[in-house]
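Single-structure report; data block below.
Residue numbers (my numbering): 54 to 232.
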């Protein structure tokens, strides 16, 4: 009998703090795992998923623990995300000298054919406080991969607050009527 991604007893929980990735299964002990932050945070920027955000909708305004924020839901466009990742990989490979200047990578089919949804919580000062993304990759002969993660943001350098429109701006390009 197969395992279900809905079972928290069998789910792999990951956390990345200060560049160190830890994992555990269910309520088990935390252990160090290889860095997989490129999947969770393309280009070391978990907000990178927003380049592929479409159908952005204002999902409400809430206040929790004295913090007021807007909830913005969106769909993840697989082909657009795949192109973003292709560019990221090409740039990295060119920096380390493993990709010649006139050679280009193909778009990764697993990204191009994935579906996904997400939600971004944005404080009144424009800074994000939470990003959640759920992705469904196309099945192969032996498995179906569903991938979900939540990134909580805190401890922003206050000088970044002046540039906060950059984060909101990524979504505003796809849904200017919300802003």
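The beta carbon of each residue, even a glycine, is placed where N, CA and C say it ideally should be.
- Using a Cβ distance threshold of 7 Å, residue 165 and residue 132 count as a contacting pair.
- Here the alpha carbons of residue 127 and residue 108 stand approximately 5 Å from one another.
- When the Cα atoms are used, residue 174 and residue 100 turn out to be separated by approximately 12 Å.
- If only uninterrupted alpha helix (DSSP H) runs of at least 4 residues are considered, those enclosed by the segment 148-198 are 162-165.
- Around the CB of residue 198, fewer than 16 other CB atoms lie within 10 Å, so the residue is classed as exposed.
- Exposure of residue 113 is indicated by the presence of fewer than 16 other C-beta atoms within 10 angstroms of its C-beta.
- By DSSP's assignment, residue 139 forms no beta bridge with any residue.
- Rounded to whole angstroms, the gap between the alpha carbons of residue 138 and residue 160 is 8 Å.
- Here the alpha carbons of residue 163 and residue 200 stand approximately 12 Å from one another.
- If the five residues before and after residue 143 are omitted, its C-beta is found closer than 7 Å to the C-beta atoms of 152, 157 and 158, all from its own chain and listed in chain order.
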